[in-house]
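Remarks on the structure that follows.
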Amino acid sequence: MAQAASGKLPALAQAGVTPASGAHSGIPLQQNASAVKADYTLRIAPVTVELDPSHILSTIGYNGTAPGPVLRMREGKTVTVEVINDTYTPELVHWHGMLIPPEVDGTEEEGSPLVPPHGRRSFQLTPRPAGSRWYHSHAMAMDDLHKGAYTGQFGFVYVDGGNDPGNYDQELFLALRDWEPFFTANMEDDDDDTHNGPLLEKPAVMNTEPDGLEVGSMTYSINDKALGSGDPIRVREGQRLLIHFLNASAIENRRIALAGHKMKVIALDGNPAPSPQMVDSIFLGAGERIDAVVEMKHPGIWILGATEKPIREMGLGVVVEYAGQHMQAQWIDPPKQPWDYAIFGNESAGAPAPEQTIETIFEKIPGGAGKFNLWLVNGEPYPHEREFVLQQGAHYRLIMRNRTDDAHPLHLHRHLWELREINGKAMAGVMKDTVVVPYYGRAVVDFTADQPGLALFHCHIQQHMDYGFKALFRYA
Ligand SMILES: [Cu+2]
1035 MAQAASGKLP
1045 ALAQAGVTPA
1055 SGAHSGIPLQ
1065 QNASAVKADY
1075 TLRIAPVTVE
1085 LDPSHILSTI
1095 GYNGTAPGPV
1105 LRMREGKTVT
1115 VEVINDTYTP
1125 ELVHWHGMLI
1135 PPEVDGTEEE
1145 GSPLVPPHGR
1155 RSFQLTPRPA
1165 GSRWYHSHAM
1175 AMDDLHKGAY
1185 TGQFGFVYVD
1195 GGNDPGNYDQ
1205 ELFLALRDWE
1215 PFFTANMEDD
1225 DDDTHNGPLL
1235 EKPAVMNTEP
1245 DGLEVGSMTY
1255 SINDKALGSG
1265 DPIRVREGQR
1275 LLIHFLNASA
1285 IENRRIALAG
1295 HKMKVIALDG
1305 NPAPSPQMVD
1315 SIFLGAGERI
1325 DAVVEMKHPG
1335 IWILGATEKP
1345 IREMGLGVVV
1355 EYAGQHMQAQ
1365 WIDPPKQPWD
1375 YAIFGNESAG
1385 APAPEQTIET
1395 IFEKIPGGAG
1405 KFNLWLVNGE
1415 PYPHEREFVL
1425 QQGAHYRLIM
1435 RNRTDDAHPL
1445 HLHRHLWELR
1455 EINGKAMAGV
1465 MKDTVVVPYY
1475 GRAVVDFTAD
1485 QPGLALFHCH
1495 IQQHMDYGFK
1505 ALFRYA
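To get the numbering used here, take the position in the sequence shown, counting from 1, and add 1034.
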């Protein structure tokens, strides 16, 4: 049926994913299904992931794989995405980092329609801005670790702005992941990257109640392979790699490095860095992306992976192999240096000065043994009686005060923000959609209210979001 209509349509962009000819079999078209042939089809269904031959796990993924396919879209060119849900639970596909209306953004809180169990739904969206975006389930998981962002429902979307200079020899998309999450009372806190700040938001009186159960993992990969399994990244001396990194974890922030090499960070959350910088390692909060260029000028066989040894040994890494080299893959600890977003910025703010300030305070109510922690935004868990109301066109300063002993990756849907201050240190020019608010620390961002409709603001750690750590912004 869908094919019959397609002949009359103008040629559509070459889709990164071609719907298989049998993709529609067995599922009747919904009454309201668009007659337009989809440019992309995402089928949500159970998949197996072979991390290594001795470890094959079952989860839910897109189009038979996890991560799902890399979707390449053209900036500004409207596309139709058909989502087919072959599972028993309602699903939502969120397009992280895109400036698109709430109807297609893919969150229940913003009013995006659900894709019903064993149903399908078509969405039209106009991808922008250019850069590294990603798509993932935005379903709530609560205490079900087989739902939402805990599953394999994630993948890259690369929005092509048509100005890629192409001065690299290989382009790689690498998603950092953990699998088989479990509840634990003694979560290893490996966000120590953000622990050496000035603790500006540390309360005078600390809450000493015991924490509730958090979510942990002991199974890691880059894309769908554990370190040492699958093909290495094969390179030649003198090549330049463009690597798109994504932390697709539902539970943890992460630091990674490529042994023997520095990486030049050229974009954060897909947006070009005003001052690209060479770094020894990169830090990615859950949901964040970094694009880096690496010059292959140190022949050998190296590990690209988590800087924490146990995490690397549990699979978070991939081997980078120069042609003609034969040896064990090597790891070298990079120098320790705190992650500093400011080095990628510029001196002056390009955006107009903010007219209004929004204050947010994040707190944790410890859950105690056998229970989960509850997370508060300005004293209340979601939903809030009074949402944050924005005036269209106004410029805002958003202050995030983290009064908890965790570093939280905060994300505002459908908007871009400019980082202006981390732990009291001023900065400008770095445009992002997610920011890690340090342990007992503070982040300040500016944004323009130019995307009417509801916009969800939340911690990108699934359990924190599910248990209160979110709020809605609405337009007056
Ligand atoms: Cu959090």
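By construction, the Cβ of each residue, glycine as well, lies at the ideal position given by its N, Cα and C atoms. Model, not experiment: these values are computed from the prediction.
- Taking the Cα of MET1361 as reference, the smallest distance to any Cα among TRP1336, ASP1314, GLY1165 and THR1075 is reached at TRP1336.
- Boundaries of the beta strand (DSSP E) around ARG1435: 1429-1436.
- By the 16-neighbour rule on beta-carbons within 10 angstroms, TYR1122 is exposed.
- At least one heavy atom of ligand 1 lies less than 8 Å from the C-beta of PHE1503.
- For PRO1443, the Cβ falls inside the 8 Å cut-off from some heavy atom of ligand 1.
- Note that the stretch 1261-1275 does not touch the stretch 1459-1466; fewer than 3 beta-carbon pairs, one per stretch, sit closer than 8 Å.
- Excluding its 5 nearest sequence neighbours in each direction, GLY1110 has C-beta neighbours in its own chain below 8 Å: THR1160, PRO1161 and ARG1162, listed in chain order.
- In summary, GLN1187 is buried, with 16 or more beta-carbon neighbours lying within 10 Å of its beta-carbon over all protein chains present.
- For TRP1336, the shortest C-beta to heavy atom distance toward ligand 1 is 8 Å or greater.
- Looking at the DSSP output, LEU1490 bridges to LEU1506.
- For GLU1144, no alpha helix (DSSP H) segment is defined, and its DSSP state is neither H nor E.
- Cα atoms of LEU1292 and LEU1338: separation of roughly 4 Å, rounded to the nearest angstrom.
- Between GLU1143 and TYR1509, the C-beta gap is not smaller than 9 Å, which leaves the two residues out of contact.
- If you draw a straight line from the Cα of ALA1079 to the Cα of ASP1500, it comes to about 23 Å.
- For the pair HIS1447 and ALA1403, the Cα-to-Cα distance works out to about 33 Å.
- In the DSSP annotation of this structure, ASP1374 is not part of any alpha helix (DSSP H), being labelled neither H nor E.
- Three or more beta-carbon pairs drawn from the stretch 1199-1210 and the stretch 1275-1284 are found closer than 8 Å, and the two stretches are therefore classed as touching.
- With contacts defined by Cβ atoms closer than 9 Å, GLY1294 and GLN1371 do not form a contacting pair.
- C-alpha of GLY1131 to C-alpha of ILE1366: approximately 33 Å in a straight line.
- Within the stretch 1096-1147, the complete beta strand (DSSP E) segments of 3 residues or longer fall at 1105-1108, 1113-1119 and 1127-1130, listed in chain order.
- Setting aside the 5 residues that flank it on each side, HIS1172 is surrounded in the same chain by LEU1126, HIS1128, GLY1140 and THR1141, each with a C-beta closer than 6 Å to its C-beta; the list follows chain order.
- Separation of PHE1406 and ASP1245 (C-alpha to C-alpha, rounded to the nearest whole angstrom) is 8 Å.
- When distances are taken from the beta-carbon of ASP1440 to the heavy atoms of ligand 1, the shortest one is below 8 Å.
- Note: GLY1250 is bridge-paired with PHE1216 in the DSSP secondary-structure output.
- When DSSP states are grouped into helix, strand and coil, ARG1289 belongs to the strand group.
- Closer than 8 Å to some heavy atom of ligand 1: that describes the Cβ of HIS1498.
- LEU1133 is positioned such that its CB atom lies closer than 9 Å to that of GLN1485.
- Using a cutoff of 8 Å, the CB of ILE1495 counts as near ligand 1, since one of the ligand's heavy atoms is closer than that.
- For ARG1346, the enclosing alpha helix (DSSP H) covers residues 1343-1347.
- For ASP1177, the number of other beta carbons within 10 angstroms of its own is below 16, and it is reported as exposed.
- Between ASP1258 and PRO1101, the C-beta gap is smaller than 9 Å, which places the two residues in contact.
- In terms of Cα proximity to HIS1492, the closest of MET1297, ALA1284 and ALA1428 is ALA1284.
- Taking PHE1217 as the centre and dropping the five residues before and after it, the same chain places the C-beta of LEU1247 and VAL1249 closer than 7 Å to its C-beta, in chain order.
- GLU1342 and ALA1326 have their C-alpha atoms spaced approximately 20 Å apart.
- Inter-residue distance for TYR1184 and ASN1436 is about 24 Å (C-alpha atoms, whole angstroms).
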